[in-house]
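> These protein sequence lines map, in sequence, to chains U and P. Numbering of the first sequence is given in this note's numbering, commencing with residue 275 and proceeding in unit increments. Numbering of the second sequence is given in this note's numbering, commencing with residue 275 and proceeding in unit increments.
Protein chains: 2
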Amino acid sequence: MTNDGGYGVRDGEVAVDLPDKFDASLYFIGRIRTPWKRREDCPRNARESEAVCTIELDPRFTEGLKGVESCTHLVVLYWMDKARRDLVLQKPRHYNEQRGTFALRSPARPNPIAMSVVRLLGIEGGKLSVVGVACLNDTPLLDLKPYFASVDAVSDAVVGWHAALKR
Amino acid sequence: MTNDGGYGVRDGEVAVDLPDKFDASLYFIGRIRTPWKRREDCPRNARESEAVCTIELDPRFTEGLKGVESCTHLVVLYWMDKARRDLVLQKPRHYNEQRGTFALRSPARPNPIAMSVVRLLGIEGGKLSVVGVACLNDTPLLDLKPYFASVDAVSDAVVGWHAALKR
Chain U
275 MTNDGGYGVR
285 DGEVAVDLPD
295 KFDASLYFIG
305 RIRTPWKRRE
315 DCPRNARESE
325 AVCTIELDPR
335 FTEGLKGVES
345 CTHLVVLYWM
355 DKARRDLVLQ
365 KPRHYNEQRG
375 TFALRSPARP
385 NPIAMSVVRL
395 LGIEGGKLSV
405 VGVACLNDTP
415 LLDLKPYFAS
425 VDAVSDAVVG
435 WHAALKR
Chain P
275 MTNDGGYGVR
285 DGEVAVDLPD
295 KFDASLYFIG
305 RIRTPWKRRE
315 DCPRNARESE
325 AVCTIELDPR
335 FTEGLKGVES
345 CTHLVVLYWM
355 DKARRDLVLQ
365 KPRHYNEQRG
375 TFALRSPARP
385 NPIAMSVVRL
395 LGIEGGKLSV
405 VGVACLNDTP
415 LLDLKPYFAS
425 VDAVSDAVVG
435 WHAALKR
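Next up, the structure:
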């Protein structure tokens, strides 16, 4: 029996037994302030909204922002701890087909780390104004990184199953 | 006193006290097999090498790959646990200037999660052949995600401090 954490498994979804113990641990280094208080209010796709969100870094790490102001875009990693972690096959409501967890950006995954590329508008002290996250208000922050177009941008990348939906 | 984990702080580097306790935990869901056994052998930039690396997923998660074969590129998250986690200002050997941790892709950061965009060559069972990681052999895997050019590719993004070096 796997623990469903209060969330049921939908028809067509498959859960596995997770390992007995964890292998590493994380610090929440800040919070992301957004206008969205319920999951159903969040934009499905970060590019759907131009809402300005605020990333508030724990003051102990403020010095770590030196040089970040010169970046136009950042990689933001954050923690989506509201979903179950044991699903390998999922059937999101808006797609009527079963797909593997690693073919989806769903928050339900063994390590619920989300990655968003955001546009940086400005920094004041430990607060960054950004456009491009689509998470719930108060979501825990894990990391900020400079976005390098030379290694991170692949304009012609294709997600085949998704492209097929639009045909 | 902060624990330096056996690594010293170089001139121009600044460490802070980390929080007393962790906030969340991770599973290692596989390993990344690469040709590099020592840190100094790893390519500094993942695009410098065309070496084919293998991502070996823990067999319990193999079903989670359904649909991944249709992706040309993936986001790979992995764990770089060899570096200290308390540095906020760093002076990498190859840049002679002090910069904030969040303006660098250095493995030394509060949560040492690395992000690489890789090209997927093929999948056999739970093994993925990819080009584009630059980590040590046996590095722990945290997550795989489909790379969506629509939200993840920003070709004109600029890291100002880095661009200035090349002028």
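A virtual CB, placed ideally from N, CA and C, is assigned to each residue, including glycine.
1) Report the option in P:330, P:323, P:291, P:440 whose CA atom is closest to the CA atom of residue 336 of chain U.
2) Name the chain P residues that come within less than 9 Å of residue 389 of chain U, Cβ to Cβ?
3) Can you tell me which of the three DSSP states residue 342 of chain U falls into?
4) State whether the region 340–348 of chain U contacts the region 318–326 of chain P, with contact taken as three or more CB pairs (one from each stretch) at a distance under 8 Å.
5) Below 8 Å on the Cβ atoms is my guess for residue 313 of chain U versus residue 410 of chain U; work out the distance and round it to an integer in Å.
6) If you reduce the DSSP assignment to three classes, tell me which class residue 424 of chain P lands in.
7) Among U:372, U:386, U:434, U:430, which has the Cα closest to the Cα of residue 413 of chain U?
8) Under 9 Å, CB to CB, which of the residues in the region 297–309 of chain U have a partner in chain P?
9) When you compare each of U:419, U:399, U:393 to residue 384 of chain P by their alpha carbons, which one comes out closest?
10) For residue 285 of chain U versus residue 303 of chain U, is the C-beta distance shorter than 8 Å?
11) Quick check: the Cα distance between residue 224 of chain U and residue 416 of chain U, rounded to an integer number of angstroms?
12) My parser needs the beta strand (DSSP E) runs of 3 or more residues fully inside the region 352–385 of chain U; what are they?
13) Between the beta-carbon of residue 301 of chain U and the beta-carbon of residue 297 of chain P, is there less than 8 Å?
14) I want to see whether chain P comes within less than 8 Å of residue 413 of chain U, judged by CB atoms only; does it?
15) Could you tell me how far apart the beta carbons of residue 429 of chain U and residue 423 of chain P are, in whole angstroms, since I believe they sit closer than 8 Å?
16) Could you check if residue 358 of chain P is buried or exposed, using at least 16 other CB atoms within 10 Å of its CB as the buried criterion?
17) List the residues that DSSP assigns as beta-bridge partners of residue 403 of chain U.
18) Looking only at its chain, what residues have a beta carbon closer than 8 Å to the beta carbon of residue 439 of chain U, apart from the 5 residues adjacent to it on each side?
19) Just the Cα atoms here: how many angstroms apart are residue 398 of chain P and residue 362 of chain U?
20) Can you grab the Cα-Cα spacing for the pair residue 407 of chain U / residue 378 of chain U, in whole Å?
21) For residue 417 of chain U, which residues does DSSP report across the bridge?
22) Give me whichever residues DSSP pairs with residue 303 of chain U in a beta bridge.
23) Taking residue 388 of chain U as the reference, which of P:367, P:365, P:349 has the closest Cα?
24) If you measure beta-carbon to beta-carbon, which residues of the region 326–345 of chain U are closer than 7 Å to chain P?
Let's see:
1) P:291
2) 349, 351, 389, 417, 419, 426
3) helix
4) no
5) 6 Å
6) helix
7) U:386
8) 297, 298, 299, 300, 301, 302, 303
9) U:419
10) no
11) The first residue shown for chain U is 275 and the last is 441, placing residue 224 of chain U beyond what the model contains.
12) 361–364
13) yes
14) no
15) 5 Å
16) buried
17) U:328, U:396
18) 369
19) 17 Å
20) 17 Å
21) U:351
22) The partner list for residue 303 of chain U (beta bridge, DSSP) is empty, contrary to what the question assumes.
23) P:349
24) 334, 335, 337, 338, 339, 340, 341, 342, 344, 345
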